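**Student:** Take this structure first; my questions come after.
In the working numbering, the protein residues as written are 699 to 1115.
In structure tokens form, the structure reads like this:
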């Protein structure tokens, strides 16, 4: 379906402009002045126009041009979408790589620093047809690692339809294949965790489940009340009590795109943008921020984070989940404002009834009722992780004796350990 024509050219970006416009739009109009190009965007636009004229023998004056910001969905999924839909196209590569096809890297000058740039290529879509268009994807090239694209089209409805189709196809894929989307764009399979696998005190379990499920069923209520259709839920508690497990159950049961972003030391504003912009593009969707109390240790600006959660850019149809082991370290501006996290659920150490259910799942028929009751009494204050470790240690001890099922002696030894 596609034709690959290598035409490598060295591209030197001499300047990177300070872009103060709102980031994250999937599609945004941009006006380019004629004459000497001053910005990296204008330079690439000039190159785009030249290739359309010289390589593809088309008159650029017949086309309108659009800039795409953070176009990860288009850049990563366009070729697969066109192949799947059997849409004819030609792909002409310049420096860098498209998909998994390696090519050369170019260099960009940012001040006095020389940086590598991944250039992608120009898609000529539906050559000769009424819906003919061009799409050029390039980057990352700036400090934020943003991937930018441009499109040339004759009818805006055609480019809008292409964008919608690519997004819809990607959304269908991640839902059908039960995939979790990571911030770097990779996908991983969801674990087969269900709501019935979550063990919490009944009132907490019921309130949490209703809070999640009612949000996605209640868009009409939000609309009638005239309030933004978004929600934030914070799961707080000691490590090892299943906050991430709850998130896995929500991911599996929701049948919605699920984007996860760990708040790690290397996280940046751009990672935040990618997660929230992707959720907005695929909404209704869920974004999960793990260890949100660590935001002060990252490269993410706190004010920028707060603005993205409840600023002028409405996250319509997005449920935000946050987890924290240290709720006391969360900034009051984040945890005490309803428009950011509307509900805080504290996940406690399992009580007696929950410990009995968890231990029964682990030990199954290995423990009779009397042994189970004894273990419940001996594990007061244990987290879920410690209960699991109790089972693993006792099971390993029994296997060391050549026995598959741990007995009371194995469990006592495990508890002492």
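Ideal Cβ positions, reconstructed from N, Cα and C, are used throughout, including at glycine.
Here the structure is a predicted model, which means the values were calculated and not measured.
Are residue 937 and residue 1047 closer than 8 angstroms when you measure CB to CB?
**Tutor:** No, the pair does not count as a contact, with Cβ atoms beyond the cut-off.
**Student:** Based on the DSSP output, what are the partners of residue 960 in its beta bridges?
**Tutor:** Looking at the DSSP assignment, residue 960 forms a beta bridge with 988.
**Student:** Of all the options 766, 748 and 866, which has the alpha carbon lying nearest to the alpha carbon of residue 778?
**Tutor:** For the residues 766, 748 and 866, the minimum Cα distance to residue 778 belongs to 866.
**Student:** Excluding the 5 residues preceding and the 5 following residue 1049 in the sequence, name in chain order all residues of the same chain whose CB lies nearer than 8 angstroms to its CB.
**Tutor:** Cβ neighbours of residue 1049 beyond the five flanking positions: 899.
**Student:** Measuring CB to CB, does residue 957 end up less than 8 angstroms from residue 981?
**Tutor:** No, these two residues do not count as a Cβ contact at 8 angstroms.
**Student:** Suppose the cutoff is 6 angstroms on Cβ atoms and the five residues either side in sequence are ignored; what does the same chain contact list for residue 1119 look like?
**Tutor:** Nothing can be reported for residue 1119: it is not among the residues displayed for the chain, which extend from 699 to 1115.
**Student:** Could you check the C-alpha separation between residue 856 and residue 771 for me, to the nearest Å?
**Tutor:** Rounded to the nearest angstrom, the two C-alpha atoms are 17 angstroms apart.
**Student:** Hey, how far is the Cα of residue 954 from the Cα of residue 976?
**Tutor:** The straight-line gap from Cα to Cα measures roughly 13 angstroms.
**Student:** Provide the residue span of the alpha helix (DSSP H) that contains residue 867, from first to last.
**Tutor:** Looking at the DSSP string, the run of the alpha helix (DSSP H) that includes residue 867 is 854-874.
**Student:** Cβ atoms of residue 820 and residue 787: under 8 angstroms apart, would you say?
**Tutor:** Going by C-beta atoms, residue 787 is not nearer than 8 angstroms to residue 820.
**Student:** Quick check: what's the CA-CA separation for residue 803 versus residue 742?
**Tutor:** The pLDDT assigned to residue 803 is 34, lower than 50, so where the model puts this residue is not dependable, and the model offers no usable value.
**Student:** For residue 1076, I'd like the list of residues in its chain whose CB is within less than 8 angstroms of its CB, leaving aside the five on either flank, ordered along the chain.
**Tutor:** For residue 1076, where only same-chain residues beyond five positions count, the Cβ hits under 8 angstroms are 1113.
**Student:** Which one of 1005, 1061, 1111 and 893 has the shortest CA to CA distance from residue 971?
**Tutor:** Here the closest residue by C-alpha is 1005.
**Student:** Here's the rule: buried if 16 or more other CB atoms are within 10 angstroms of the residue's CB, otherwise exposed. What is residue 1083?
**Tutor:** It counts as exposed.
**Student:** Which residue marks the beginning of the alpha helix (DSSP H) containing residue 880, and which one marks its end?
**Tutor:** Here residue 880 belongs to no alpha helix (DSSP H); instead the beta strand (DSSP E) covers 877-880.
**Student:** Mark residue 1094 as exposed unless 16 or more other C-beta atoms lie within 10 angstroms of its C-beta, in which case mark it buried.
**Tutor:** Classification of residue 1094: exposed, given that the 10 Å Cβ count is below 16.
**Student:** Could you tell me the distance, in whole angstroms, from the CA atom of residue 978 to the CA atom of residue 1068?
**Tutor:** If you take the alpha carbons of residue 978 and residue 1068, they lie about 52 angstroms apart.
**Student:** Run through the stretch 744-783 for me and flag every whole beta strand (DSSP E) of 3 or more residues, listed as ranges in chain order.
**Tutor:** You should have 762-766.
**Student:** Between residue 963 and residue 941, is the Cβ-Cβ spacing less than 8 angstroms?
**Tutor:** Cβ distance not < 8 angstroms, so residue 963 and residue 941 don't count as in contact.
**Student:** What's the call for residue 882, buried or exposed, on a 16-neighbour Cβ count within 10 Å?
**Tutor:** Exposed, because fewer than 16 other Cβ atoms sit within 10 Å of the Cβ of residue 882.
**Student:** Within 10 Å of its beta-carbon, does residue 720 have 16 or more other beta-carbons around it, so buried, or fewer, so exposed?
**Tutor:** With a pLDDT of 29 at residue 720, under the threshold of 50, the modelled position of this residue cannot be trusted, and the question is left open.
**Student:** In the DSSP output, which residue or residues are listed as bridge partners for residue 887?
**Tutor:** In the DSSP output, where bridge partners are listed per residue, residue 887 has 877.
**Student:** Helix or strand or just coil, what does DSSP make of residue 1109?
**Tutor:** Helix.
**Student:** Output yes or no for whether 8 angstroms exceeds the beta carbon distance between residue 1003 and residue 993.
**Tutor:** Closer than 8 angstroms, so yes.
**Student:** Would you report the Cα separation of residue 997 and residue 965, rounded to the nearest angstrom?
**Tutor:** Near 6 angstroms, if we compare the C-alpha coordinates of residue 965 and residue 997.
**Student:** Ordered along the chain, which non-local residues of its own chain (more than five positions away) have a Cβ less than 8 angstroms from that of residue 892?
**Tutor:** Here the set comprises 947, 950 and 951.
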